[in-house]
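Since the structure comes first, as structure tokens, the remarks are kept for the end.
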Amino acid sequence: MSKKLLLAASVAAILSTSPAIAADDVNLQTLQAEIQAMRNAYESKIEQLEQKVETLSAQQNKTAAKVAATEPAAGRSSIPATSERRINDNSFNPEIGVILNGQYQTFSEDSSEFAGFAVGEEAERGSEGFGIGETELNLSANVDNLFRGSATIALHEHEGKTEVEIEEAYVETTSLPYGLQAKAGRFFSELGYLNSHHSHADDFADRPLTNRAFLNGNYGDDGVQISAVLPTDIYSEIGGGVYRGDDFPGGGADGNDIGSWTAYGRVGGDIGDNTSWRLGLSTLQVEGGERSANEDMVVFDGDSGLYITDARAVYAPTGNNAEQEIILQGEYFYRDENGTYDDMDAGTGAVAYDDNQSGWYAQGVYKFHPKWRVGARYSQLYAGDVPAGLAGSALDDSDHNPWAATAMVDWTNSEFSRARVQFNREELSDGKEDDQFILQYVMSLGAHGAHAY
Amino acid sequence: MRKLLFLIAGLGVLLASPSSAFARMNVFACSPEWGALTKEIGGDLVDIKSATNAKQDVHHLRAKPSLLAAMRKADLVFCTGASLEIGWLPILIKKAGGPNVQPETIGWLMASDYVEKLDVMTEHVDRSMGHIHPEGNPHVHLDPRNISVLADIVTERLILIDSTNATTYQNNLKAFQAKWKTLIRKWEVNAQTLRGQKVVVYHNAWAYLLKWLGMGVIASLEPKPGIPPTVSHLETVLVRVQGKNVTAILVAPFENEKAAEWLSGKSGIPVVHMPFTVGGNEKSKDLPALFEETILLLKGSS
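These protein sequence lines are chains A and B, in that order.
For the first sequence, the numbering used here gives the first residue as 1, with consecutive numbering after it.
For the second sequence, the numbering used here gives the first residue as 454, with consecutive numbering after it.
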């Protein structure tokens, strides 16, 4: 448009100069003719230009129309394109896994108290009848090329209320050299065999007495753990961690200092093609902890050192565990405590305590068919000598060593589903034999679980 | 804090023995075929640790201690991928694998990333369909043309990791590819008669082999992938195969033969114990022998 104006202006300028060229008629006529010719020439040029402008704008409109016309078409054909994009977006989403877990259980005894031990909530046997146990939601993903993050949220019911618990929420390194790995956040420490595993992956419906009494199921605290797989032909690994010291057997951490620490070493390997094994030593040291147990009625204040040795061997004909295998596993626990115990139920007041307790379990599981396994387990605890001030309290074992014997059969349809029948006979306090019958299912949705050793 | 420092210092002392130049390259193979292929190219320059032998189901393995020790030393991790090793390989890599064997590095080689996969799921998938791999069928090694592709790739990796021996690797590759080409031609001629024949499989682990040979699967003993055979399913398989011309029931060394024997007894179709991978039977000592044996056994039953 502006081009047109410019041209018009210049033509007007030329034309306006024409009256200045005066003189005789002939001259005027020729001049007029010349001017007319010029005018014609310019007019035709302007016309041409106008046409050009018109065609240009027409073309522009056409392309605009074309774009407009093609856009809905692109929208239609982009259904796979957007869904493709959605897949890409998904691949950056964390892997999601849900563990669904339910059971029906019956007990023959009303109460179940550990003679000589004050225990945490998770050590209890659960409730009778139908129940959904713990529903676990796990989200995990690589953070970037160096880190992996994982969060496990457990939902469970306790005394009629739904409790949400952050079981684990940690980041770990994925690619450190020299076999090193670091983990930070809240996680189940490497401690013996069972502690670092989630209970849904266990071979039995409940944990052995040792892990219930000494670790309240799992020791999972906030802290940092470092491990190193050593450059040896036989597998060897060392590691350790420092923690806030808030989880059982710790407690009451004020957060000013490191409340507890762990260290472990283990070795393992293969014997021929058929057998693999692992042996470990580990310790958990809580310093100056204030641990509440037996529903906050018993408080231990002091230092608590736990030492665990664990052993595991897996045998499968030709090493092919898809068909058949035998797993033997055991752990021995020794706890040395120095501090005061206060049993508020028994009204003992804080009584000095410097003694040790111990316990062990041994179990075997035989997979005799790709879908079927049978297992047996025995566990036993030994309480410490009770000081006079604690006689008659929860710490007084009345000369009884708690024991539990277990038998189970389970059926595994696929890697993602398992159903189990288990029978326990427990005598946790003298003369109270508790026959327990447990029917359980454990199923996993989503992300493929790990085949940890 | 003091304890934390001790811990770090202690680890530092224990780990201050880095090995920079390799004497021999350490290759961690998830299954024997990839170990055997690396051996063809690397010869004596490589030390190979195969996580499984032919009698073990690669998928169901656990991250056992000996594998952590092997992964700790690995310069190259050569596996199948496509979720076949998903239960245990990530644990090993995370815990013991160094920075040079992480995913997307030169020390990380997943065979299924380099070949065209069969049975890729593009439609809706869920686990009611059994243990399927949406990425496609992972058992890619039984098509010898895939072996040829991976020979090139593994050579490239060996050179990238250990360039001083590049000429040896290249020469070994040239010799291998020349030999392999002739062998493939020979096998294809030999196996002409197998074209169009049908077999029963235990698990869909033979897709690549059967496609290469132009053979087909009429039924699987597993009702769904990864779900062990059931009596009711076997009965439907029996109905399906009866009266049909079925060449064989293929069973891998790590698969339960009972279901196959039952079907064989009822239908008269012979059970063929296939080597599946290197070391799967006495004669299958290396890759050429594996394919030689595979075709011989298939022809023997037809």
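Every residue, glycine too, gets a C-beta built ideally from N, C-alpha and C.
| Check | Outcome |
| --- | --- |
| Any residues in the region 705–728 of chain B with a beta carbon nearer than 7 angstroms to a beta carbon of chain A? Which ones, in chain order? | F707 and N709 |
| Select from B:L498, B:V499 and B:K517 the residue whose C-alpha is nearest the C-alpha of A:W277. | B:K517 |
| Output, in chain order, the set of chain A residues within a Cβ distance shorter than 7 angstroms of B:R610. | Chain A residues near B:R610: none, gap ~18 angstroms exceeds 7 angstroms. |
| Which two residues bound the contiguous beta strand (DSSP E) that contains B:I748? | Unbroken run through B:I748 is the alpha helix (DSSP H), L740 to S754; no beta strand (DSSP E). |
| Skipping 5 residues on each side, what residues in its chain have a beta carbon closer than 6 angstroms to that of B:H586? | A535 and S536 |
| Tell me which residues of the region 368–394 of chain A have at least one Cβ-Cβ distance to chain B shorter than 7 angstroms, keeping chain order. | P370 and K371 |
| Go ahead and pull the three-state DSSP assignment for B:H726. | strand |
| For A:V409, collect the residues of the same chain with a Cβ closer than 6 angstroms to its Cβ; drop the 5 residues on either side in sequence, then sort them by chain order. | V374 and V421 |
| Please name the residue in B:H594, B:D510 and B:A672 whose C-alpha comes closest to that of B:A489. | B:H594 |
| Apart from the five residues on each side of it in sequence, which residues of its chain come closer than 6 angstroms, Cβ to Cβ, to B:E746? | P728, K736 and S737 |
| Listed in chain order, which residues of the region 510–521 of chain B have Cβ atoms closer than 9 angstroms to some Cβ of chain A? | D510, H512, H513, L514, R515, A516, K517, P518, S519, L520 and L521 |
| Under three-state DSSP, which class holds A:S78? | Its pLDDT being 29, under 50, A:S78 is placed unreliably in this model, and the coordinates cannot settle the point. |
| Mind checking the region 200–234 of chain A against chain B and listing, in chain order, the residues whose C-beta falls within less than 8 angstroms of any C-beta there? | V224, I226, S227, A228, V229, L230, P231, T232, D233 and I234 |
| With a cut-off of 8 angstroms, does the C-beta of A:N145 fall near any C-beta of chain E? | No chain E appears in the structure shown, which is made up of the protein chains A and B. |
| Residue range of the beta strand (DSSP E) that A:I234 falls in? | Unbroken run through A:I234: none, as it is neither H nor E. |
| From the DSSP output, which residues share a beta bridge with A:R377? | A:Q363 and A:T406 |
| What residues in the region 670–687 of chain B bring their beta carbon closer than 7 angstroms to a beta carbon of chain A? | G679, I680 and P681 |
| Mapping the DSSP letters down to three states, classify B:H512 as helix, strand or coil. | helix |
| DSSP beta-bridge partners for A:H156? | A:E163 |
| Can you tell me the Cβ-Cβ gap for A:D203 and A:V365, rounded? I've got them flagged as a contact below 8 angstroms. | 5 angstroms |
| Express the C-alpha separation of A:N338 and A:G288 in angstroms, rounding to a whole number. | 9 angstroms |
| According to DSSP, which residues form a beta bridge with A:E426? | A:A404 and A:D434 |
| Pull up the distance between the alpha-carbon of A:F214 and that of B:L750, whole angstroms please. | 58 angstroms |
| Between B:E708 and B:Y655, is the Cβ-Cβ spacing less than 8 angstroms? | yes |
| When you compare the CB positions of A:S175 and B:G550, do they come within less than 8 angstroms of one another, or not? | yes |
| Listed from N- to C-terminal order along the chain, which residues in the region 169–180 of chain A have their beta-carbon within a distance smaller than 9 angstroms of any beta-carbon of chain B? | E172, T173, T174, S175, L176, P177, Y178, G179 and L180 |
| Going by the DSSP bridge assignment, what does B:S503 pair with across the sheet? | B:A482 |
| Less than 8 angstroms between the C-beta atoms of B:S685 and B:I702, yes or no? | no |
| Taking Cβ positions, are A:S260 and A:G280 nearer each other than 8 angstroms? | no |
| List the DSSP bridge partners of A:Y243. | A:G223 and A:S260 |
| Name, please, each residue of chain B whose Cβ falls closer than 8 angstroms to the Cβ of A:H448. | S536, I539 and G540 |
| So with CB distances below 8 angstroms, who are the chain A contacts of B:H584? | S414 and E415 |
| Going along the chain, which residues of its own chain have a beta-carbon closer than 6 angstroms to the beta-carbon of B:E710, five neighbours each way excluded? | V704 |
| From A:Q181, A:E134 and A:V119, pick the residue whose C-alpha is nearest to that of A:R148; which is it? | A:Q181 |
| Decide if A:A41 is buried, meaning its Cβ has at least 16 other Cβ atoms within 10 Å, or exposed. | exposed |
| Cβ of A:S456 within 8 angstroms of Cβ of A:E190? | This structure does not reach residue 456 of chain A, given that chain A is present from 1 up to 453, and the question cannot be answered. |
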